[in-house]
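J.: One structure, pasted below without further comment.
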Amino acid sequence: MPKATNAVDDTPTRRSVLIAGAGIGLTATACTREARPPAGAPGPGAHAARRRQAGVTTPQQATALILAYDLDPALRGAAGARELKAVFAEWTRALAETQETQERQDAREADGGREPREPREPRDALEADGGRWSRLTATLGVGPGLPDRLGLRAPDALRDLPSFPGDRLDPARCGGDVLVQLCADSADATEATAAALTRLAGDALVPRWRQAGFLPPSPDGGGTPRDLLGFKNGSANPTAEECERWVWSGDATYLVVRRVHLRVEDFARLSVHRQEEVVGRRRATGAPLEGGSEDDAVDPLAKDAQGRYTTPPRAHVRAVSPRLDDGARMLRRSYSYADGPTDQGLLFLAFMRDPALFARVQRRMAAQDDLTAFTQARGSAVAYVLPGAGPGRPLGAELLA
Ligand code: HEM
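Residues 146 to 546 (the working numbering) are what the sequence shown spells out, left to right.
Below, the structure written as C-alpha cells:
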C-alpha cells in the first residue's frame, strides 16, 4: 500500500469539512430522533463499557453516503488480512483525529469563542449550524465474502442475502467486501470524508459502488423523516431496550442496505385514503389506522364498527409486523435517493442482530404487501458492523486478529 497520508493533513477547506466530528464509534451515542423521545436510546450510563460504532442509534443526520469497496483481488489469506488491518488502523486514526479536533474546537468556542474556527469558505460556514459542524459519523462493516478469503472465521450471522421475488438487482450496485456508512448534516462532509478514506486505503481497497441519500424536507419541521411517498418512515422503530435485545450483538450489529426504486408518481396518483391502506398508517400523522398517535403500535387485530380489519390484510405494516417474527425488531435508518428524474427511491438502511430477520420480512412483503407494486430493489448489500474502536484497538481488531 502506498504511504497513506493523514485525513486531516489536507487543504484548509477540505480539512475544515473533515473536522466535522467523526463519531466513529469510540463511544456510542443514542437514539434515532431528537425531537421525540429517543427510540433506541440507551439510558444514562447503560453503555459505559460498550465499544459500539456511531451511526447506528445516532439521531439521523440530513445526508448519507454509502461506500462499498472490494479488497484488491490479489490480496488473500494472512497477507490480505495484514493489509486490511493496516487500512482499518489508518482509518481509525484519521477519524479519531477529526473527532478530537472537533471536540477541541467545540471546547474553545464554548469557552467564549476566543479562537474562532479557521477561515473557511462560505459553503463551509453553512455547516457551522448551532455551533456544531456536520455531526459526521462513519460506520464500518465487512461483507460476507471477506472472512473466507482472508482465512478468518466469519461472524455467525454474516451470509449473503438470498434473492427475493421482484428484485431487479444490478450487480454493479450490490455487495462489497467493506461497507462504510457516512452520515452528516452536509453532503460536503460525507464526500470529503469518502475521498480521504479512499485515499488512505491506497491500492488495498478498490471502490465498487456508492450511493448518496438525503432526508426530504419535512413539513413537520423535525420529527420522523418522510420518504418520497410522503409518509413518515421510521415511526415504529425499536426502543432502547428492544435495540439491546434485537439490534446489538454485543458491540456488533449487521447492516442491510437496499436501494429500492419507488414508483413515486404512480403512488401519488392514488387517493390519500388508498395510500394509507397500502402503507397501513396515516400519511399526515403516522398514526395507526385504528387511531392514536404516531408512537402507538399498529394493532393488526383491530376492527372497525362493521367488523372489518382497520389495517387491510395486504398493508405494508401488517406484512412487516414484528408480531409475525416473535417480536424480533430491526432498526430502520433509511434515506431517500434521487439519481435523475427516472430513478428515485428509498435507500433502505436497517440494523439488526441477524440479517435472517430481513430475509423473512422481505419474503412476506413479496407475498402479501401491496406496497411492493410500487417498489423494486435494484441494489443490495449486507455487512457485519464491527465493534467500535477503543484505546489500542482499532476498528477490525477482533476480526483481523
Ligand atoms: C421499499 C420501500 C419501503 C417503504 C416506502 C416503506 C415505508 C414504510 C412506512 C411508511 C412504514 C410505517 C412507518 C414506520 O413505522 O416507519 C414502514 C414500516 C415498516 N417497514 Fe417499511 N418501507 C419500505 C420497505 C421496507 C422493507 C424492505 C422492509 C424490511 C424488509 C421494511 C420494514 C418495515 C418495518 C419493520 C416497519 C415497522 C412495522 C411496525 O413495527 O409496525 N420496510 N415502512
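Yeah, the Cβ is synthetic: ideal placement off N, Cα and C, and Gly gets one too. All values derive from a computational prediction rather than experimental measurement.
(1) Assuming D322 contacts L345 (C-beta within less than 8 angstroms), just tell me the rounded distance between them.
(2) Please give the ranges of any alpha helix (DSSP H) in the region 416-444, keeping only runs that are unbroken, at least 4 residues long and fully inside the region.
(3) Which whole runs of the beta strand (DSSP E) in the region 356-420 are 3 residues long or more, in chain order?
(4) Please state whether the Cβ-Cβ distance between A199 and S279 is less than 7 angstroms.
(5) For G286, which three-state DSSP category applies?
(6) Rank S331, D215, P445 by C-alpha distance to the C-alpha of P352 and give the top, closest one.
(7) Can you give the Cα-Cα distance for R509 and D470, rounded to whole angstroms?
(8) Measuring from the CB of R459, is there a heavy atom of ligand 1 at a distance below 6 angstroms?
(9) Assign G566 to one of three DSSP states: helix, strand, or coil.
(10) Once the 5 residues before and after R408 are set aside, which same chain residues still bring their CB inside 7 angstroms of it?
(11) Is V417 a contact residue of ligand 1, with contact defined as CB to any heavy atom under 6 angstroms?
(12) Taking the beta carbon of P364 as the centre, do at least 16 other beta carbons fall within 10 Å, making it buried, or is it exposed?
(13) DSSP three-state call for R353: helix, strand or coil?
(14) How about A381: is its Cβ closer than 6 angstroms to a heavy atom in ligand 1?
(15) Rounding to the nearest angstrom, what Cα-Cα distance links A207 and Y454 in this structure?
(16) Between which two residues does the beta strand (DSSP E) carrying T346 extend?
(17) Any chance the CB of L476 is under 6 angstroms from a heavy atom of ligand 1?
T.: Inspection of the coordinates gives the following:
(1) Walking along the sequence shown from the start, residue 322 turns up at place 177. Walking along the sequence shown from the start, residue 345 turns up at place 200. Between L345 and D322 the Cβ distance is about 16 angstroms, and since that is not below 8 angstroms, they are no contact.
(2) The alpha helix (DSSP H) runs of length 4 or more contained entirely in the region 416-444 are, from start to end of the chain, 417-424.
(3) Runs of the beta strand (DSSP E) inside the region 356-420: 398-407.
(4) Walking along the sequence shown from the start, residue 199 turns up at place 54. Walking along the sequence shown from the start, residue 279 turns up at place 134. The answer is no: Cβ separation not under 7 angstroms.
(5) Looking up residue 286 in the sequence shown gives position 141. Annotated three-state conformation of G286 is strand, per DSSP.
(6) Here residue 352 refers to the residue found at position 207 of the sequence shown. Comparing alpha carbon positions, the residue from S331, D215, P445 closest to P352 is D215.
(7) Reading the sequence shown from its first residue, position 364 is the one you call residue 509. Reading the sequence shown from its first residue, position 325 is the one you call residue 470. Those two C-alpha atoms are separated by around 11 angstroms.
(8) Position 314 of the sequence shown, counting from 1, holds the residue named residue 459. No, ligand 1 has no heavy atom inside 6 angstroms of this Cβ.
(9) Absent from the model: residue 566. The displayed extent of the chain is 146 to 546, so no value can be given.
(10) Here the question's residue 408 lines up with position 263 in the sequence shown. Counting only Cβ-Cβ distances below 7 angstroms, and skipping sequence neighbours, we find F519.
(11) For the purposes of this step, residue 417 is identified with residue 272 of the sequence shown, where counting begins at 1. Every heavy atom of ligand 1 is 6 angstroms or more from the Cβ of V417, so no.
(12) Working through the sequence shown from its first residue, we reach residue 364 at position 219. Label assigned to P364: exposed.
(13) Start at 1 with the first residue of the sequence shown, and residue 353 comes out as number 208. DSSP places R353 in strand when its eight states are reduced to three.
(14) Looking up residue 381 in the sequence shown gives position 236. Checking every heavy atom of ligand 1 against the Cβ of A381, one is found closer than 6 angstroms.
(15) As a position in the sequence shown, residue 207 is number 62, starting the count at 1. As a position in the sequence shown, residue 454 is number 309, starting the count at 1. Taking the straight line from one Cα to the other gives about 37 angstroms.
(16) For this step, residue 346 is matched to residue 201 along the sequence shown. One detail in the question is off: residue 346 reads as Ala in this sequence, not Thr. Per DSSP, A346 lies in no beta strand (DSSP E) segment; the continuous alpha helix (DSSP H) that holds it begins and ends at 332-346.
(17) Position 331 of the sequence shown holds residue 476. Taking the Cβ of L476 as the reference point, every heavy atom of ligand 1 lies at 6 angstroms or farther away.
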